[in-house]
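One structure below.
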Amino acid sequence: MDEKRVFGTKKPGVQYTSTLSTYAVIFNLKKDQVGILRTDEHYVLPGGEMVQNESDIECLQRKIKEEIGANIEVGCHLGNAVDYYYSPRDSQYVRNEGDFYLGKLSRQEEHHNHMFEWMSPNEAIEKLWLDHQKWAVQEGVNVMQTSSLF
1 MDEKRVFGTK
11 KPGVQYTSTL
21 STYAVIFNLK
31 KDQVGILRTD
41 EHYVLPGGEM
51 VQNESDIECL
61 QRKIKEEIGA
71 NIEVGCHLGN
81 AVDYYYSPRD
91 SQYVRNEGDF
101 YLGKLSRQEE
111 HHNHMFEWMS
121 PNEAIEKLWL
131 DHQKWAVQEG
141 VNVMQTSSLF
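Numbering (UniProt numbering), first residue to last: 1 to 150.
In structure tokens form, the structure reads like this:
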């Protein structure tokens, strides 16, 4: 599960902005739905870009609190993947390296910055914008089917 995957195509001669991020694949209590965020532009997994000297876990805890007003219990590492894509919002090419973890929400507050939605893993895979996040949801499904985590 710790093998790095690469999605998208790195275009020759193009300058990419590199980002390091951490994301959570969060299942509901019945383990039949995945939580994703609907931003103004896209559907994305909870999590995001790390700040200097921040660990994966610290990043996830901070981003989940900021994005959905919840605390997260971080589970197993699902893997690491790189996605090459163009960001129309930022008008730049991006190389995003993400670490993905299973996560379980604890207390959620009323106020948050993005719309958090539960949907089936298949629907999430269909709607997610970034390919490495789609892959991570499938990895999460595979782990949940073969283990008793969370």
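Even glycine gets a Cβ: it sits at the ideal position worked out from N, Cα and C.
Residue closest to Q21, alpha-carbon to alpha-carbon, out of F7, A81 and S147: Looking at the sequence itself, residue 21 is Ser, so the reference to Gln does not match. The residue with the shortest Cα to Cα distance from S21 is A81.
According to the neighbour-count rule (16 or more other Cβ atoms, all chains shown, within 10 Å of its Cβ), is V14 buried or exposed? exposed
Meets three-Cβ-pair contact criterion under 8 Å: the region 132-142 and the region 56-71: no
Hey, K31 and G47 are a contact pair by Cβ (cut 8 Å); roughly how many whole angstroms apart? With a Cβ gap of about 20 Å, K31 and G47 do not count as contacting.
Which first and last residues belong to the beta strand (DSSP E) in which W118 is found? M115 to M119
By a C-beta neighbour count over all protein chains shown, 10 Å radius and 16 as the cutoff for buried, is E66 buried or exposed? exposed
Name the one or two DSSP bridge partners that residue 153 has. Absent from the model: residue 153. The displayed extent of the chain is 1 to 150, so no value can be given.
Hey, quick one: how far does the beta strand (DSSP E) through T22 stretch, first residue to last? Y16 to F27
According to DSSP, is Q33 helix, strand or coil? coil
Buried versus exposed call for D83 [16 or more other C-beta atoms within 10 Å across all chains shown]: buried
Inter-residue CB distance, residue 154 and G35 (contact presumed, cutoff 8 Å): A query on residue 154 cannot be resolved here, the shown segment of the chain reaching from 1 to 150 and no further.
So what does DSSP say about M1, is it helix, strand or coil? Any answer about M1 is weak, because its pLDDT of 47 lies below 50 and its placement is not dependable; what the coordinates show is given next. Coil.
If you draw a straight line from the alpha carbon of K104 to that of C76, how long is it in whole angstroms? 11 Å
Simplified DSSP state of R89, which is helix, strand or coil: coil
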